[in-house]
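For reference, each letter of the sequence shown is one residue, going 1 to 359 in full-length UniProt numbering.
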Amino acid sequence: MWKEHCLNMHGTLCSTAQTETISINLRLIDVEDRCIVEIQRCERWVALSYVWGNANKLVLTSDILGQYQEHGSIKPGVTSATIEDAITVTRILGERYLWVDSLCILQDSEADKELYIPLMGFIYGKALLTIICASGSSAEAGLPGIQVSSRKMQPLVFKTGTTTFMTTLDPEDTEGWSYTTSSAWCTRAWTLQERLFSKRALIFTPELIYWECQKATWREDSFWEVSSSPNFYQACWGDKSFWNHDRLATLWRSDEFNFVDLYRQLVSHYTQLHLSFNEDGLNAIAGIVNDLKRRSGYNFIWALPTPFLSAFLAWEDYSTYEDVIPGRHYRRTAQCNFPNETGISRRCHFPSWSWVGWT
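If you want it as structure tokens, here you go:
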């Protein structure tokens, strides 16, 4: 019902993605035939945003691509619990195609990664909606509520005569963001661009399922989708401490001065998020950088906008400063820390003069 309500009532704000149209063969999971397909002009798919963690399940590689393109090859139990549940949810939603990074990008092919990783803005921005697993710390967590006894709280449903009732209790604080900010998903670097580009999200938490789009926030045990309900602050996009669609759109169309300031803020937020592998430091933000490059016309080198290279070669921190260049330029020391102080380390895959070269 949420999907249809949004599609029918919210207009272009939710239905039009602010990303380019790209003619590429997009690999997708066909949830009906349970196999991987390649479609050049697919107009409708669901995307999954989740935490990989330490799950040791199927990932797509070159040697098994042909095998998993066969009808029925993705059998239950082959994939991780979260992906299997996402396949189920996609079918329940009446959709046929699901995009999942681990099964739609060849994990042993640098050429495949170089093609698709910069296109995260297209993949998540053009998706009909994004399924978000804001529960657990690995892909084996599953989507709470899909399998029996898979979440902490289940609504009590009972009947009186011909009327069906369900227990519900609206939260006292409708601006509470804890249902995503307390999750491992919210702390991961890869998921930043996934949520920024998604225009609709179906969010699975340990307790409840939420819907968020550009005009609404709804939850399964309540009635917020009625036309007279108030505007609730959005956990996925609305917390002022996080980057959101509005601020990203502002960055797209900003003048030079504001671009520098906003991009610094984006980098500051991104560098506080966690990566399992240091070599992913650039890839995990490549979709945002690629989109900024296309929209602004600015070239980037190692995630630094070249028109403002001198400004970005001097790192800054607004809480603690260390003067490393005479005058007004400072290198960040507080949260980033320094090698001989509290543990900043080099990402050897990247140049030392870029922020992406340090963690």
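By construction, the Cβ of each residue, glycine as well, lies at the ideal position given by its N, Cα and C atoms.
May I ask you to report which of helix, strand or coil DSSP gives residue i?
i           : result
Arg188      : strand
residue 369 : An answer regarding residue 369 cannot be provided, because it is not within the stretch 1 to 359 covered by the chain.
Ile301      : strand
Val356      : helix
His10       : coil
His269      : helix
Ala334      : Residue placement at Ala334 cannot be trusted, given a pLDDT of 37 that sits under 50; the coordinates are not used to answer.
Phe350      : coil
Leu262      : helix
Leu282      : coil
Ser319      : Its pLDDT being 42, under 50, Ser319 is placed unreliably in this model, and the value from its coordinates should be taken loosely. In this structure, Ser319 counts as coil in the three-state DSSP scheme.
residue 364 : Here the chain comprises residues numbered 1 to 359, so residue 364 is not present and cannot be evaluated.
Glu43       : coil
Ser15       : helix
Thr205      : coil
Thr296      : Residue identity differs from the one stated: residue 296 is Ser in this sequence, not Thr. Correct three-state label for Ser296: helix.
Straight-line CA distance for residue i to residue j?
i           : j      : result
Ile288      : Phe312 : 17 Å
residue 441 : Ser15  : Absent from the model: residue 441. The displayed extent of the chain is 1 to 359, so no value can be given.
Ile301      : Trp355 : 11 Å
Leu129      : Thr163 : 32 Å
Leu58       : Trp211 : 29 Å
Ile146      : Leu48  : 15 Å
Arg91       : Lys126 : 19 Å
Leu266      : Ala189 : 12 Å
Arg44       : Gly142 : 24 Å
Glu279      : Gly11  : 40 Å
Gln216      : Cys35  : The residue asked about is misnamed: residue 216 is Ala in this sequence, not Gln. Near 34 Å, if we compare the C-alpha coordinates of Cys35 and Ala216.
Leu262      : Ile74  : 43 Å
Glu114      : Thr271 : 22 Å
Ile87       : Trp353 : 43 Å
Ile285      : His5   : 32 Å
residue 361 : Phe197 : No answer is possible for residue 361: the residues shown for the chain start at 1 and end at 359.
residue 360 : Leu13  : Not covered by the structure: residue 360. The range shown for the chain is 1 to 359.
Gln107      : Leu26  : 15 Å
Ser241      : His269 : Confidence at Ser241 is low in this model, with a pLDDT of 48, below 50, so its placement is unreliable and the value that follows should be read with caution. Approximately 9 Å between the Cα atoms of the pair.
Phe350      : Ser137 : 28 Å
Gly66       : Leu60  : 10 Å
Gly357      : Arg195 : 24 Å
Arg347      : Asn283 : 13 Å
Ile203      : Ala111 : 32 Å
Thr205      : Ser310 : 43 Å
Gln335      : Pro118 : Caution is warranted here: a pLDDT of 41 is assigned to Gln335, below 50, making its placement in the model unreliable, and no coordinate value can be reported.
Leu304      : Arg264 : 10 Å
Pro230      : Ala139 : Note on Pro230: pLDDT 47, under 50, position unreliable in the model; no value is reported.
Asp291      : Ser182 : 28 Å
Pro144      : Ser296 : 40 Å
Tyr124      : Gly161 : 45 Å
Phe158      : Met1   : 21 Å
Ala134      : Gly77  : 21 Å
Arg219      : Val148 : 19 Å
Ser7        : Phe122 : Note on identity: in this sequence residue 7 is Leu, with Ser being the wrong assignment. Cα-Cα distance, rounded: 19 Å.
Asn258      : Lys199 : 24 Å
Glu70       : Ser109 : 21 Å
Trp185      : Ser62  : 28 Å
Leu208      : Asp221 : 8 Å
Val260      : Tyr298 : 12 Å
Ile22       : Lys3   : 25 Å
I'd like to confirm the pairing. Which residues does DSSP put opposite residue i in its beta bridges?
i      : result
Ile288 : BP columns for Ile288 are empty, so no partner.
Asp30  : Cys35, Tyr97
Trp218 : Trp211
His274 : Arg188
Asn200 : The question names Asn, yet the displayed sequence has Arg at residue 200. For Arg200, which the question treats as bridged, DSSP gives the partners Cys213.
In chain order, which alpha helix (DSSP H) runs of at least 4 residues are fully inside the UniProt domain "Heterokaryon incompatibility" (45 to 194)? 81 to 92, 101 to 104, 110 to 116, 120 to 126, 178 to 181
Spell out a yes or no on whether the segment 95 to 102 and the segment 31 to 42 are touching, meaning 3 or more CB-CB pairs, one atom from each, closer than 8 Å. yes
For the 8 Å Cβ check, are there 3 or more pairs between the segment 186 to 204 and the segment 39 to 56? yes
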